[in-house]
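Residue numbers (the working numbering): 16 to 149.
Idealized CB from N, CA, C, for every residue including glycine.
Just so we're clear, the structure is a prediction, and the values are computed from it rather than from any experiment.
Right, one structure below, let's go through it.
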């Protein structure tokens, strides 16, 4: 059973707040809906970029690349130790595989030990928006 309080303590950037966070989102409907809900719960957050087609990050000229790296990456699984991301794609071949680039990220399949080799057919079936609504 998931413990929402523990998750929000570990990933404080998910908890509703008035912090001035930056946000980078994916380029699909789930990302757009997730951003709308996230921005509602974080009224001082700003959408500063979009990660398009898993190849290119388009971001506001008013921000630096460091701002982008320190942003919350929503509906994305970003393997970078500086990034905070929330995603739900399978990111591990084996459940206990070390992936230090995900230390600041929350992956919904990781919460339940899902991987390519373990219970792949039982992976998280919903979108990021559904998790944020919880």
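**Study point:** Length of the line joining the Cα atoms of residue 62 and residue 39
**Key:** For the purposes of this step, residue 62 is taken as the residue at position 47 of the chain shown. For the purposes of this step, residue 39 is taken as the residue at position 24 of the chain shown. Looking at the two C-alpha atoms, the distance is approximately 6 Å.
Check your understanding: To which residues of the same chain is residue 119 closer than 6 Å at the C-beta, ignoring the five residues directly before and after it?
Key -> Taking the chain shown and counting its residues from 1, one reaches residue 119 at position 104. Contacts found: 99.
**Study point:** Nearest neighbour of residue 122, chosen from 106, 71 and 134 [CA to CA]
**Key:** Here residue 122 corresponds to residue number 107 of the chain shown, with the count starting at 1. The residue with the shortest Cα to Cα distance from residue 122 is 106.
Practice item. State the DSSP-derived secondary structure class of residue 25, mapped to helix, strand or coil. Key: Numbered from its first residue, the chain shown carries residue 25 at position 10. Helix, per DSSP.
Practice item. Kindly indicate the opening and closing residues of the alpha helix (DSSP H) around residue 67. Key: For the purposes of this step, residue 67 is taken as residue 52 along the chain shown, with counting starting at 1. Note, residue 67: premise wrong, no alpha helix (DSSP H); beta strand (DSSP E) at 61-67.
Exercise for review: Would you mind sorting residue 55 into buried or exposed? The rule is 16 or more other CB atoms within 10 Å of its CB.
Suggested key: Indexing the chain shown from 1 puts residue 55 at position 40. Exposed, by the Cβ-count rule.
Check your understanding: Between which two residues does the alpha helix (DSSP H) containing residue 83 stretch?
Key -> Translated into the one-based positions of the chain shown, residue 83 becomes position 68. 80-84 is the span of the alpha helix (DSSP H), which, as asked, contains residue 83.
Point to revise | CA nearest to the CA of residue 47, picked from 113, 144 and 148 | key: Taking the chain shown and counting its residues from 1, one reaches residue 47 at position 32. Residue 144 is the option with its Cα nearest to residue 47.
Point to revise | Closest by C-alpha distance to residue 154, when choosing among 73, 29, 97 and 129 | key: Past the boundaries of the shown model lies residue 154; the chain is included only from 16 to 149, so the question cannot be answered.
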